[in-house]
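Under the UniProt record's numbering, the first residue of the sequence shown is numbered 1, with each subsequent residue one higher. Beta carbons: idealized from backbone N, C-alpha and C, even for Gly. These numbers were taken from a predicted model, which means no experiment stands behind them.
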Amino acid sequence: MEVKSRHHLRSDGIDDIVDALSAGLGVDPDGDTYELVELTDTEFDLVLVDGEPLVLYVDDEPFLTVRGANEFPPQRGVVTVDAGAISFVSDGADVMRPGITEADPDIEAGDLVAIAEETHGKVLAIGRALVAGSEMVGDSGKVVESIHHVGDELYEFSV
């Protein structure tokens, strides 16, 4: 990943991020500095909050990175997976119904979601819901497309 550009966000840009994360996830990523990092070889842009890559833009929508979701645990928009799904999700696999133990019922198809493991609540990945949260628990089928996961280039990004 190469940095195309990097600049501090203005207060209105910061407000947009904070408002979106508060409304969608119930979190407030409180920070003193917010820098937008545009990357050349990925579809994402990152926002460094106090120097840490805690927010990413997916299709112009701000959302927490895996690091960000573990630093500021989401209260909404969470899909919880069982122990058997951890290794697959951590390797970037899409999430299948049999691995899900719980999903926020307010999730709608197309929403960005945080994928957490059930024992400690640690977020393993960020994905896009393919079905509503109320339809995620079940016997078969892919229900969340993985976008970013523990150990990928975005997770390992440092400045």
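Exercise for review: Find the nearest neighbour of residue 138 within the set 151, 157 and 82, judged by alpha-carbon distance.
Suggested key: 82
Review point. Going by other Cβ atoms of all chains shown within 10 Å of its Cβ, with 16 needed for buried, is residue 151 buried or exposed?
Key: exposed
**Study point:** Cα-Cα separation, residue 140 to residue 88
**Key:** 16 Å
Review point. Where does residue 140 sit, in a helix, a strand or coil, going by DSSP?
Key: Three-state DSSP puts residue 140 in coil, outside helix and strand.
Practice item. Output yes or no for whether 8 Å exceeds the beta carbon distance between residue 17 and residue 74. Key: no
Exercise for review: Could you please give the first and the last residue of the uninterrupted beta strand (DSSP E) stretch that includes residue 102?
Suggested key: 100-103
Review point. Is the stretch 13-31 touching the stretch 43-55, taking contact as three or more C-beta pairs under 8 Å?
Key: For the pair of segments examined, the stretch 13-31 was found to touch the stretch 43-55: the number of CB pairs separated by less than 8 Å reaches three.
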